[in-house]
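Structure first, commentary second.
In the numbering used here, the protein residues as written are 8 to 153.
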């Protein structure tokens, strides 16, 4: 299991609990005033280490990037949906940087010769979607520098 993420959650005061979520829900991050933040993970995530790491990191990303900005609530206005999308993007950005540091990605490509998304996903033990997102954010960051 992703021991370092559990340690990070504990040091940050985040409780990690396991629930039986109904499909398609796999995880939730809840941060309410006066309460310890909670990451709820679906027990079904235990069937895939890569998926567990991917989902857990994204939920930790919510804690570090958007705690308190998007509590569980219905979205009635377009602005609410935009805030939700921005929070999801920031959480995912945090997750991919945590799971796949740029230096380690470059080493995997240059030294190990891993160039296929599936190879990188296996190497970093994450979902292929995490690799795709990481590569897109690296490309965007480099384009912004030009």
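Even for Gly, the Cβ is constructed at its ideal location relative to N, Cα and C.
In this structure, how does DSSP classify residue i when only helix, strand and coil are distinguished?
i: residue 43; result: coil
i: residue 82; result: Residue placement at residue 82 is flagged as unreliable, the pLDDT there being 45, under the threshold of 50; the coordinate-derived value follows with that caveat. Correct three-state label for residue 82: coil.
i: residue 103; result: helix
i: residue 57; result: helix
i: residue 121; result: coil
i: residue 29; result: coil
i: residue 139; result: helix
i: residue 14; result: helix
Could you compute how far the alpha carbon of residue i sits from the alpha carbon of residue j?
i: residue 31; j: residue 62; result: 13 Å
i: residue 82; j: residue 67; result: Interpretation of residue 82 is limited by its pLDDT of 45, a score under 50 that renders its predicted location unreliable; the figure taken from the coordinates is listed afterwards. Straight-line Cα distance between these residues: approximately 22 Å.
i: residue 7; j: residue 97; result: Here the chain covers residues 8 to 153 and nothing more, so residue 7 does not appear.
i: residue 16; j: residue 35; result: 14 Å
i: residue 72; j: residue 102; result: 10 Å
i: residue 147; j: residue 118; result: 23 Å
i: residue 9; j: residue 57; result: 9 Å
i: residue 141; j: residue 95; result: 14 Å
i: residue 125; j: residue 136; result: 10 Å
i: residue 109; j: residue 100; result: 12 Å
i: residue 120; j: residue 12; result: 27 Å
i: residue 145; j: residue 129; result: 19 Å
On the DSSP bridge assignment, give the partners of residue i in chain order.
i: residue 23; result: 46
i: residue 34; result: 48
What do you reckon, are the CB atoms on residue i and residue j nearer than 9 Å?
i: residue 64; j: residue 106; result: yes
i: residue 70; j: residue 38; result: yes
i: residue 133; j: residue 60; result: yes
i: residue 122; j: residue 131; result: no
i: residue 33; j: residue 51; result: yes
i: residue 176; j: residue 19; result: Nothing can be reported for residue 176, as the shown portion of the chain is limited to 8 through 153.
i: residue 42; j: residue 28; result: no
- prompt: For the stretch 111-119 against the stretch 18-34, are there 3 or more C-beta pairs whose distance is under 8 Å?
  reply: No, because fewer than three Cβ pairs between the stretch 111-119 and the stretch 18-34 fall closer than 8 Å, the two stretches do not touch.
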